[in-house]
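Numbering (our numbering), first residue to last: 386 to 533.
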């Protein structure tokens, strides 16, 4: 995995890179222009050249670009061939914890005393709030990078 400085792959260059990786097939500047609503193919070409110079993309004989390396992008994690915001991964972890807490609460609801139930309900509310916060921030991060 190639580690780029944050200065090199952010903003529009990051959007171009994410688009090429998501397509998982050779794409040209015109495809990218249409796919992420750029003003002209030359803008897409400039960012493709920057990514090729960084060693992330390779130009084939037809002038199209394919991803050759996975970049370490700050705030994202690779899951297979998909790049996902870390906040969404954290939200998924909290969702798992929340489901276990709800299962424990349902099993022990009838046999435990009132103080246990109050404690566990508060714990479940805190876990649910954390899960919701991470999910919202993760989806907002993903949307910001699609619009950049």
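Every residue gets a Cβ at the ideal spot worked out from N, C-alpha and C, and that includes glycine.
No experiment lies behind these values; they were computed from the predicted model shown.
Quick one: grab the DSSP three-state call for residue 410. Along the chain shown, one-based indexing puts residue 410 at 25. Residue 410 carries a coil assignment under DSSP once its states are collapsed to helix, strand and coil.
Taking a contact to mean a Cβ-Cβ separation below 8 Å, would you say residue 509 touches residue 488 in this structure? Along the chain shown, read from residue 1 onward, the residue named residue 509 stands at position 124. Along the chain shown, read from residue 1 onward, the residue named residue 488 stands at position 103. No, the Cβ-Cβ distance between residue 509 and residue 488 is not below 8 Å.
Beta-carbon proximity list for residue 420, same chain, < 7 Å, skipping 5 on both sides: Here residue 420 corresponds to residue number 35 of the chain shown, with the count starting at 1. Excluding positions up to five away in sequence, the list reads 404.
Tell me the rounded alpha-carbon separation between residue 452 and residue 526. Walking along the chain shown from the start, residue 452 turns up at place 67. Walking along the chain shown from the start, residue 526 turns up at place 141. Taking the Cα positions, residue 452 is about 23 Å away from residue 526.
Candidates 399, 397, 433 and 400: which alpha carbon is nearest residue 413's? The residue you call residue 413 lines up with position 28 of the chain shown. Per the Cα distances, 433.
By the three-class DSSP mapping on this structure, what secondary structure does residue 494 have? Taking the chain shown and counting its residues from 1, one reaches residue 494 at position 109. Coil at residue 494, not helix or strand.
Contacts around residue 402, its chain only, beta-carbon distance under 7 Å, and the 5 residues preceding and following it disregarded: Position 17 of the chain shown, counted from the first residue, corresponds to residue 402. If we look at residue 402 and ignore the five residues flanking it on each side, its Cβ neighbours are 394, 436, 441 and 456.
Does DSSP put residue 462 in a helix, in a strand, or in coil? As a working mapping, residue 462 is identified with position 77 in the chain shown. Residue 462: strand per DSSP, three-state reduction.
Residue 486 versus residue 504 - alpha carbon distance: Residue 486 sits at position 101 when you count from the first residue of the chain shown. Residue 504 sits at position 119 when you count from the first residue of the chain shown. So the alpha carbons of these two residues sit roughly 11 Å apart.
Close beta carbons around residue 519, own chain, < 7 Å, minus the five adjacent residues each side: In the chain shown, counting from the first residue as 1, residue 519 sits at position 134. Excluding positions up to five away in sequence, the list reads 472, 475, 476 and 479.
For residue 513, which residues of its own chain have a beta-carbon under 6 Å away from its beta-carbon, when the five flanking residues on both sides are left out? Indexing the chain shown from 1 puts residue 513 at position 128. Taking residue 513 as the centre and dropping the five residues before and after it, the same chain places the C-beta of 483 closer than 6 Å to its C-beta, in chain order.
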